[in-house]
Amino acid sequence: MTTAETVAGVLPARTEVPATELRVAVLGVGLMGADHVARLHARISGARVVAVSDASAERAEQVAGTVPGARVVTDPLAAIADPEVDAVVIATPGQFHEEQLLACIDRGLPVLCEKPLTLDAASSLAVVRAEDAYAARTGRRLVQVGFMRRFDPEYAQLRALIASGGIGEPLLLHCAHRNAAVPPHFGSELTITDSVVHEVDVTRFLLDEEITAVTVLRPRATRHALPGQSDPLLVLLETTGGRLVDVEAFVSTGIGYEVRTEVVGEDGSAVIGLDQGLVRVGAGPRGAARSTTIAPDFRVRFGRAYDVQVQRWVDAARRGGTDGPGVWDGYAAAAVAEAGVEALRSGRRTEVRMAPREGRS
Ligand code: ISE
Numbered sequence: 001m002t003t004a005e006t007v008a009g010v011l012p013a014r015t016e017v018p019a020t021e022l023r024v025a026v027l028g029v030g031l032m033g034a035d036h037v038a039r040l041h042a043r044i045s046g047a048r049v050v051a052v053s054d055a056s057a058e059r060a061e062q063v064a065g066t067v068p069g070a071r072v073v074t075d076p077l078a079a080i081a082d083p084e085v086d087a088v089v090i091a092t093p094g095q096f097h098e099e100q101l102l103a104c105i106d107r108g109l110p111v112l113c114e115k116p117l118t119l120d121a122a123s124s125l126a127v128v129r130a131e132d133a134y135a136a137r138t139g140r141r142l143v144q145v146g147f148m149r150r151f152d153p154e155y156a157q158l159r160a161l162i163a164s165g166g167i168g169e170p171l172l173l174h175c176a177h178r179n180a181a182v183p184p185h186f187g188s189e190l191t192i193t194d195s196v197v198h199e200v201d202v203t204r205f206l207l208d209e210e211i212t213a214v215t216v217l218r219p220r221a222t223r224h225a226l227p228g229q230s231d232p233l234l235v236l237l238e239t240t241g242g243r244l245v246d247v248e249a250f251v252s253t254g255i256g257y258e259v260r261t262e263v264v265g266e267d268g269s270a271v272i273g274l275d276q277g278l279v280r281v282g283a284g285p286r287g288a289a290r291s292t293t294i295a296p297d298f299r300v301r302f303g304r305a306y307d308v309q310v311q312r313w314v315d316a317a318r319r320g321g322t323d324g325p326g327v328w329d330g331y332a333a334a335a336v337a338e339a340g341v342e343a344l345r346s347g348r349r350t351e352v353r354m355a356p357r358e359g360r361s
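Residue numbers (this note's numbering): 1 to 361.
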């Protein structure tokens, strides 16, 4: 690894990538960050976790203790500036992403950033502009966004089927996104920005077009909803090609984790997410029954997708690039989520405001 250039006169910027193992700092080791640490340590080749940072010192110590040689670095910006860090996984709460992403770009470090890219469209666009400027200087992109569903084999199959014309022109998507439970701070706006944001990305991924408007309806709430929360929500997305996407977002079903997507085309339809692994037949409480297992949460349902995503990110970072959704995808999702929050508050159809793409790849 060489350092050949100085960005903003402060830190040495990397223009080449490490030939050996990628030394990774993981920022934020809550549910998802800790999962990534375990994955990088046990299942991913070509990378090792060297630094862990978290607002909770106790949690950082505990997670770092699971990886021989990993250090706790209290300040996430110090971890980004550390000369022994080659790449960064950002899994901190969304409000910290912009500053951390800009620091990574400044330093020329590859970064895998958990969704959302940032909490609003303006700050996401600032990240797009910063990475564009870096790419114009070096020819390299740095930021990959953690929309892991793109790496799920079922979503990949569905996209390939649509692209092959196998079900004709896609007309409608029906999506269900159900969580068993969410933490107590999870208000209805988070249902849009944290949960439905995945369907936003899936829509763009499957249909290859942008979302132009969002409407959010609030049906009768479940008795399991948190105080003041509207749950479930029904979200309607409109696309540039005139297709409609309905999303049932239900985050406290008390049952399990269910994510289904059905595409209805002119010449057929296709559905994924039926959780049909082993089907068991046996005696049930009311006679013979047939049953399958429902994943308890996203780490289980999308475990394989997370593994593939991280392995491909590591491989790409070692080659000097990215391999997955980038800053523009993060920005587009942030712009739609912003319109979604406005639609939730106003009860009205809300148009998405997005900057022109201007020939970005
Ligand atoms: C969570 O943050 C995720 O990203 C999961 O994939 C999603 O299903 C869940 O609803 C979110 O809260």
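C-beta: ideal position from N, C-alpha, C; glycine also.
Residue interval of the alpha helix (DSSP H) (run including residue i)
i	result
THR138	121-138
VAL251	Neither: VAL251 is in no alpha helix (DSSP H) and is coded neither H nor E.
ALA339	327-346
ALA64	57-64
PRO362	For residue 362 there is no data in the structure shown, the boundaries of the chain being 1 and 361.
VAL202	197-207
ARG318	303-319
Whole-Å CB distance - residue i paired with residue j, under 8 Å assumed
i	j	result
LEU173	ILE167	Not confirmed; about 12 Å, so no contact.
GLN100	LEU119	Contact doesn't hold; Cβ gap of about 13 Å is too wide.
ALA295	GLU248	Contact flag wrong, Cβ pair sits at about 17 Å.
ARG107	ILE90	Wrong, their Cβ atoms sit about 13 Å apart, outside the cutoff.
VAL245	THR203	5 Å
VAL85	LEU102	No, VAL85 and LEU102 are not in contact; Cβ-Cβ is about 16 Å, not under 8 Å.
ALA180	TYR257	6 Å
GLY320	ARG140	5 Å
THR261	GLU238	So it is not a contact: roughly 17 Å between Cβ atoms.
LEU344	ILE192	6 Å
VAL26	HIS36	6 Å
VAL29	ALA60	6 Å
GLY324	GLN157	That belief does not hold up - the Cβ atoms of GLY324 and GLN157 are roughly 17 Å apart, past 8 Å.
VAL314	ILE105	Not confirmed; about 19 Å, so no contact.
PHE205	ARG159	6 Å
LEU217	LEU190	At roughly 18 Å, the Cβ-Cβ gap does not stay under 8 Å, so LEU217 and LEU190 are not in contact.
Endpoints, the beta strand (DSSP E) within which residue i is located
i	result
ASP229	Checking the sequence shown, residue 229 turns out to be Gln, not Asp. Note, GLN229: premise wrong, no beta strand (DSSP E); not H, not E.
SER53	47-53
HIS224	Segment: none, HIS224 is in no beta strand (DSSP E) and carries neither H nor E.
VAL143	143-145
ALA160	Element bounds for ALA160: not the beta strand (DSSP E) but the alpha helix (DSSP H), 153-164.
ARG39	From DSSP, ARG39 is part of no beta strand (DSSP E) but of the alpha helix (DSSP H) over 31-42.
VAL24	22-27
ILE211	211-217
ARG178	170-178
8 Å Cβ cutoff, residue i in contact with chain B
i	result
THR253	In the structure shown, chain B does not exist; there is a single protein chain.
Query raised in the report: Does the pairing of the segment 299-316 with the segment 144-162 give three or more beta-carbon distances under 8 Å?
Result: Flag = yes, the segment 299-316 and the segment 144-162 touch.
**Report entry** Every unbroken beta strand (DSSP E) inside the segment 262-299 [3 residues or more]
**Finding:** Runs found: 268-272, 280-284, 287-291.
Query raised in the report: Is there contact between the segment 266-285 and the segment 40-53, where contact requires at least three CB pairs shorter than 8 Å?
Result: For the pair of segments examined, the segment 266-285 was found not to touch the segment 40-53: the number of CB pairs separated by less than 8 Å stays below three.
Requested in this report: Check whether the segment 269-276 touches the segment 186-193, taking contact to mean three or more Cβ pairs, one atom from each stretch, closer than 8 Å.
Outcome: The segment 269-276 vs the segment 186-193: no contact.
Query raised in the report: Just checking, does the segment 328-336 make contact with the segment 107-117 on the three C-beta pairs under 8 Å criterion?
Result: Short answer: they touch.
Requested in this report: State whether the segment 226-238 contacts the segment 125-134, with contact taken as three or more CB pairs (one from each stretch) at a distance under 8 Å.
Outcome: Contact fails: fewer than three Cβ-Cβ distances are below 8 Å.
**Report entry** Beta carbon shell of the ligand ISE at less than 5 Å from a heavy atom
**Finding:** Residue selection by CB proximity (closer than 5 Å to any heavy atom of the ligand ISE) returns ASN179, ASP194, SER195, PHE298 in chain order.
Requested in this report: Run through the segment 89-120 for me and flag every whole alpha helix (DSSP H) of 4 or more residues, listed as ranges in chain order.
Outcome: Uninterrupted alpha helix (DSSP H) stretches at least 4 residues long and entirely within the segment 89-120 occur at 97-107, given in chain order.
**Report entry** Cβ contact (3+ pairs, closer than 8 Å) linking the segment 335-347 and the segment 61-81
**Finding:** No, the segment 335-347 is not in contact with the segment 61-81.
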